[in-house]
Amino acid sequence: MSDTHAQTVRFVRDTMLPEQAPPATAVGVIGWLRANLFSGWFNSILTIIALGFIYLVLSIVVPWLVSPTWDAASLTECRGILKEMGSEGHFGGACWGVIRDRWVQLLFGFYPSHLYWRPILALVLLAVALAPVLFGEHVPKRLIWFSAIYPFIMPWLLWGGSVWTPIMVAAGLAVGYVAYRLIAVTGGTLLALVAGVVAAMVWWLFLLGPVSGGFDSIIPLGLEGVESRDFGGFMLSLTIGIVAIAISLPLGIVLALGRQSDLLILKSICVGFIEFIRGVPLITLLFVASTLLNIFMPPGTNFDIILRVIIMATLFASAYMAEVIRGGLAALPRGQYEGADSLGLNYWQAQRLIIMPQALKISIPGIVSTFIGLFKDTTLVSIIGLLDPLGLSTAIRADSAWNGIVWELYGFIALLFFICCFSMSRYSMYLERKLRTGHR
Amino acid sequence: MKRSVFIGALSLAGLAAGAAAAGTLDDVKARGKLNCGVTTGLVGFAAPDANGVWGGFDVAVCRAVAAAVLGDATAVEFVPTTGKTRFTALASGEIDMLARNTTWTFSRDVDLKFEFIGVNYYDGQGFMVPASLGVTSAKELDGATVCIQTGTTTELNLADFFRKNNMSYEPVPIETNAEGQQQYLAGACDTYTTDRSGLASTRAAFENPKDHVILPETVSKEPLGPLVRHGDNEWGDVVRWTLNALIAAEEYGVTSANIADMAAAAGDNPEVNRMLGTEGNLGEMLGLDGQWAVRAISAGGNYGEIFEKNIGENTPIGLARGLNAQYTDGGLLYSPPFR
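Quick mapping for you: the protein sequence lines, in order, are chains A and B. So the mapping is simple: the numbering used here equals the position in the first sequence, first residue as 1, plus 97. So the mapping is simple: the numbering used here equals the position in the second sequence, first residue as 1, plus 1397.
In structure tokens form, the structure reads like this:
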């Protein structure tokens, strides 16, 4: 460079400045606040209003929640404690004594207290049985066998009775399979299928009672029986919800496939079923289960009320499930079906290996929504006189010690349901992330 | 569970159609348990405690019948019923009797084919207002907003009462008593109307019960009583006379405390003797044994004791006997003679 230039420019930096820490207003808590909450005058105003609102709500709810009434034995006692503290009035403080007094009842209903280990064990085993289904890659493969026998263990644990009954019910499947194999040798597959179903039905309806009774008289082995009437509380909701969820998914898949089938009769049956069930409210079906069936059946028949409710809830959920899965099927490109055909796969192979894995993956959010909806719908049974948590809250309020308590009970019940529904929804998000294998 | 499915399916096939031909009394004896329909929960009348044991004024009737028939006051399967399911439950045979604060009306008795076996509580619809409102009579409620449970007889009674007195009102429909309580306390309505026993228990649960008054007018007759199915008169007689025994026991001074002595040997009062089986054979006529009434009364005491224990003036509900006093005390309770 020339000298003239050196005279006109007094200073030229010839080294890089060391990096400086960003200004305090752009990083850390303050930076985050500025970026997210106070990024402009409008947002700042909104933030301040929202903070004020949150403070307002919390300043009412938190003092109400933090209330030293855990040991109170009645609402009057609660009020006494609160009065001593100086907080009186309609919203002075929560009366947690009712939860301490009744939480076991809200969880188990009238289930005999010395048998509480059975529903708890059933729930723990459920987690074990679900593990290979939900988190297949983290658990041993062979656990799936336990999942297969769990449906026979659960009712036995909950309702008790002879151990032979569930074993013989399971044996019905074997009977059906043997009949299928025998006929399949001579007749066609369809004939064999029909024969298998008929054989299993005959076994379950007519032979099951005498055979299991016979075994029971030789080796009496069983648990103390528990009446359905003693089921209640959250356990009842879980029982109805889980059984209905577990059955409605396969049933829904079958219905969805039936609806897409080319066989006219099959298709009309499936469409008719789905449209009929979706056309009536669940509460109507529950009334049918609780009152109409009672009138239709011969007097003195004892068709278990919980079973009736489970059947109705399952049918209801499976119709919705079928539509959700049909949505998944419809979303699959035509090429997938054609690709399966071109590989020479038959119908069931194509469904199992190509269509269903993709269709189900697409439908996961819808399926889980249906599950969550179904689980929450179980509270409707309180209208037909079953004491689920909501029904029990009425019964608890009818105790003169707790008459007048509302928020504490509903809050507790809401918390229980929130835990279940929220975990289901989180699991579905985990599953979606896990299965996100392409297409984007 | 599985077994009952199959039993149900079997019956559906008509194979067990003749099973229920026997009378209810024999069924109950064979089963060893009484299936008694109660409400899902009404303060003082029926409610489960923390251990799931049912108690209350209506429940006591179930227990007395179970004690009379089966000799065990705990041999009762309580079936909670709602206002919507109670009648089908009884008609279908799911329950043997219904003791669920049910008003005895013509159509229920005649058209629905039930048999009310008596009245265990004479109730009537009343009004509750805040004392600050300054109202002393229901006739001053012109133009008031009224919290009212929908789909009940109280709703119809309310309309009748206001029309009869040429007054207007604005209904605030509610679904349950708990909701009514909240709405009323929140000031959503000027007055809350339901059965007086319900009003009393609702008021008892308030923080300051003295701030609310129950107006003197009773705008309807609500005789509440247990009921059974039409057509099984033997069973109806058992339930009817069990209730009568409880009422008569109070009249004759038979209590749970002195019943053991009185039943041990025949006393001075021939009617008591006949009732307690120390004379005559009334028990056999009912198809029970001679000690049936002794067991029924021992189960929870006589009518007066049951009343005092569950809904009487020393309980939080604090109902006065009023119409439910013995006829000798100016009430309506009147048991036909045991003869």
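Where is the CB? At the ideal position from N, CA and C, for every residue including glycine.
Inset, instruction - Compute the distance between the beta-carbons of Asn1666 (chain B) and Ser1732 (chain B), then report whether it is under 7 Å. - result: As a working note, residue 1666 (chain B) is residue 269 in the second sequence. As a working note, residue 1732 (chain B) is residue 335 in the second sequence. Taking 7 Å as the Cβ cut-off, Asn1666 (chain B) and Ser1732 (chain B) do not qualify as a contacting pair.
Inset, instruction - Go ahead and pull the three-state DSSP assignment for Leu1407 (chain B). - result: Stepping through the second sequence from its first residue, residue 1407 (chain B) is reached at position 10. Per-residue confidence for Leu1407 (chain B) stands at a pLDDT of 40, beneath the threshold of 50, marking its modelled position as unreliable; no derived number is given.
Legend entry - Under 8 Å from the C-beta of Val1476 (chain B): neighbouring residues of chain A: Along the second sequence, one-based indexing puts residue 1476 (chain B) at 79. Within 8 Å Cβ-Cβ: Arg326 and Gly482.
Legend entry - Bounding residues of the beta strand (DSSP E) (the contiguous stretch that carries Asp1520 (chain B)): As a position in the second sequence, residue 1520 (chain B) is number 123, starting the count at 1. Unbroken beta strand (DSSP E) run through Asp1520 (chain B): Tyr1518 to Asp1520.
Legend entry - Min CB distance Pro1445 (chain B) to chain A below 7 Å: The residue given as residue 1445 (chain B) occupies position 48 in the second sequence. Yes, its Cβ sits closer than 7 Å to a Cβ of chain A.
Legend entry - C-beta neighbour in chain A for Ser1695 (chain B), strict 7 Å: Position 298 of the second sequence, counting from 1, holds the residue named residue 1695 (chain B). It does not: the Cβ of Ser1695 (chain B) has no partner Cβ on chain A nearer than 7 Å.
Inset, instruction - Would you please verify whether the beta carbon of Val1440 (chain B) is less than 7 Å from any beta carbon of chain A? - result: One-based indexing of the second sequence puts residue 1440 (chain B) at position 43. True, the Cβ-Cβ gap to chain A drops below 7 Å.
Inset, instruction - Verify the CB distance criterion: does Pro1713 (chain B) have a CB-CB separation below 7 Å to chain A? - result: Mapped onto the second sequence, residue 1713 (chain B) falls at position 316. Yes, Pro1713 (chain B) lies at the interface with chain A (some Cβ there is under 7 Å from its Cβ).
Legend entry - Span of the alpha helix (DSSP H) around Phe514 (chain A): What you label residue 514 (chain A) is simply residue 417 of the first sequence in a count that begins at 1. First-last of the alpha helix (DSSP H) with Phe514 (chain A): Trp504 to Leu532.
Inset, instruction - Using three-state DSSP, classify Asp111 (chain A) as helix, strand or coil. - result: In the first sequence, residue 111 (chain A) corresponds to position 14, counting from 1. In this structure, Asp111 (chain A) counts as coil in the three-state DSSP scheme.
Legend entry - Close-in-space but distant-in-sequence residues of the same chain around Ser1534 (chain B) (CB under 8 Å, 5 per side omitted): Reading the second sequence from its first residue, position 137 is the one you call residue 1534 (chain B). For Ser1534 (chain B), where only same-chain residues beyond five positions count, the Cβ hits under 8 Å are Leu1612, Pro1613 and Glu1614.
Inset, instruction - Determine, using beta carbons only, whether Ala1496 (chain B) comes closer than 7 Å to chain A. - result: Here residue 1496 (chain B) corresponds to residue number 99 of the second sequence, with the count starting at 1. For Ala1496 (chain B), the answer is no, since every Cβ of chain A falls outside 7 Å of its Cβ.
Inset, instruction - Step through the CB atoms of chain B and report whether any lies within less than 7 Å of the CB of Asn140 (chain A). - result: Here residue 140 (chain A) refers to the residue found at position 43 of the first sequence. Chain B, which has no Cβ nearer than 7 Å to the Cβ of Asn140 (chain A), makes this no.
Legend entry - Among A:Pro115, A:Gly206, A:Phe135 and A:Met113, nearest to Thr122 (chain A) - alpha-carbon criterion: Sequence index remark: in the first sequence, residue 122 (chain A) carries index 25 (1-based). Considering only alpha carbons, the answer is A:Phe135.
Legend entry - chain A residues whose Cβ lies nearer than 7 Å to that of Thr1551 (chain B): The residue labelled residue 1551 (chain B) in the question sits at position 154 within the second sequence. Residues of chain A passing the Cβ test: none, with the nearest at roughly 18 Å.
Legend entry - Reduced DSSP category for Cys1586 (chain B) - H, G, I as helix; E, B as strand; rest coil: Position 189 of the second sequence, counted from the first residue, corresponds to residue 1586 (chain B). In the structure shown, Cys1586 (chain B) sits in coil (DSSP, three-state: anything other than H, G, I, E or B).
Inset, instruction - Could you tell me whether the Cβ atoms of Ile1694 (chain B) and Pro1623 (chain B) are closer together than 7 Å? - result: Counting from 1 along the second sequence, the entry for residue 1694 (chain B) is found at position 297. Counting from 1 along the second sequence, the entry for residue 1623 (chain B) is found at position 226. No, the Cβ-Cβ distance between Ile1694 (chain B) and Pro1623 (chain B) is not below 7 Å.
Inset, instruction - Can you pull the chain B residues whose beta carbon is under 9 Å from the beta carbon of Ile344 (chain A), in chain order? - result: Within the first sequence, residue 344 (chain A) is the residue found at index 247, counting from 1. The premise fails here: Ile344 (chain A) is roughly 14 Å from chain B at the closest Cβ pair, so nothing lies under 9 Å.
Inset, instruction - If I'm right that Ala297 (chain A) touches Val260 (chain A) with Cβ under 8 Å, what's the distance once you round it to whole angstroms? - result: As a position in the first sequence, residue 297 (chain A) is number 200, starting the count at 1. As a position in the first sequence, residue 260 (chain A) is number 163, starting the count at 1. No, Ala297 (chain A) and Val260 (chain A) are not in contact; Cβ-Cβ is about 21 Å, not under 8 Å.
Inset, instruction - Please list, in chain order, all residues of the same chain as Phe1559 (chain B) whose beta carbon is under 6 Å from its beta carbon, the five residues on each side excluded. - result: Translated into positions along the second sequence, residue 1559 (chain B) becomes position 162. Within the same chain, Phe1559 (chain B) has close Cβ partners Tyr1566.
Legend entry - Assigned secondary structure, Gly319 (chain A) (DSSP; H/G/I helix, E/B strand, else coil): Indexing the first sequence from 1 puts residue 319 (chain A) at position 222. Strand.
Legend entry - Terminal residues of the beta strand (DSSP E) in which Pro165 (chain A) lies: Here residue 165 (chain A) refers to the residue found at position 68 of the first sequence. No beta strand (DSSP E) contains Pro165 (chain A), which DSSP labels as neither H nor E.
Legend entry - Neighbour flag for Thr1471 (chain B) against chain A, beta carbons, 7 Å: Numbered from 1 along the second sequence, position 74 holds the residue referred to as residue 1471 (chain B). No, its Cβ sits nowhere closer than 7 Å to a Cβ of chain A.
Legend entry - chain A within 7 Å of Thr1591 (chain B), Cβ atoms only: Within the second sequence, residue 1591 (chain B) is the residue found at index 194, counting from 1. For Thr1591 (chain B), the answer is no, since every Cβ of chain A falls outside 7 Å of its Cβ.
Legend entry - is_contact[Ser497 (chain A), chain B] using C-beta, thresh 7 Å: The sequence position of residue 497 (chain A) within the first sequence is 400, counting from 1. Yes, Ser497 (chain A) counts as interfacial toward chain B.
Legend entry - Arg1736 (chain B), DSSP secondary structure in three states: Taking the first residue of the second sequence as 1, we reach residue 1736 (chain B) at position 339. Arg1736 (chain B) falls in the coil class under three-state DSSP.
Legend entry - Selected residue, minimal CA-CA separation from Ala118 (chain A), among A:Ile452, A:Ile157 and A:Gly128: Translated into positions along the first sequence, residue 118 (chain A) becomes position 21. With distances taken between Cα atoms, Ala118 (chain A) lies closest to A:Gly128.
Legend entry - Rounded Cβ spacing between Asn1498 (chain B) and Leu1439 (chain B) (contact assumed at less than 8 Å): Numbered from its first residue, the second sequence carries residue 1498 (chain B) at position 101. Numbered from its first residue, the second sequence carries residue 1439 (chain B) at position 42. Right, the Cβ-Cβ distance comes to about 6 Å (below 8 Å), so this counts as a contact.
Inset, instruction - Kindly say whether Thr1482 (chain B), judged by its beta-carbon, lies nearer than 7 Å to any beta-carbon of chain A. - result: The residue given as residue 1482 (chain B) occupies position 85 in the second sequence. So yes, Thr1482 (chain B) belongs to the interface.
Inset, instruction - Could you tell me whether the Cβ of Ser1653 (chain B) comes closer than 7 Å to any Cβ of chain A? - result: Numbered from 1 along the second sequence, position 256 holds the residue referred to as residue 1653 (chain B). Not one chain A Cβ lies under 7 Å of Ser1653 (chain B).
Legend entry - Residues of its chain near Trp1501 (chain B), where Cβ-Cβ distance is below 7 Å and the 5 sequence neighbours each way are ignored: Looking up residue 1501 (chain B) in the second sequence gives position 104. Same-chain partners within the cutoff: Phe1513, Val1516, Pro1620 and Gly1622.
Legend entry - Contact set for Gly501 (chain A): own chain, Cβ-Cβ below 8 Å, skip 5 residues either direction: Position 404 of the first sequence holds residue 501 (chain A). Around Gly501 (chain A): Leu172 and Arg494.
Legend entry - Per-residue contacts from Thr336 (chain A) into chain B (C-beta, under 8 Å): Here residue 336 (chain A) refers to the residue found at position 239 of the first sequence. By Cβ distance, chain B contributes nothing, its closest Cβ being about 10 Å from Thr336 (chain A), past 8 Å.
Inset, instruction - Mind checking which residues open and close the beta strand (DSSP E) that includes Glu1352 (chain B)? - result: It is not possible to answer for residue 1352 (chain B), since the shown part of chain B is limited to 1398 through 1736.
Legend entry - Gln446 (chain A) burial status per 10 Å Cβ neighbour count (16 or more: buried): The residue you call residue 446 (chain A) lines up with position 349 of the first sequence. Looking at its Cβ environment, which holds fewer than 16 other Cβ atoms inside 10 Å, Gln446 (chain A) is exposed.
Inset, instruction - Take Gly1468 (chain B) and list the residues in its own chain whose beta-carbon comes closer than 7 Å to its own, dropping the five residues that flank it on each side. - result: On the second sequence, position 71 is the one that residue 1468 (chain B) refers to. Excluding residues within five positions, the ones whose Cβ falls inside 7 Å are Arg1692.
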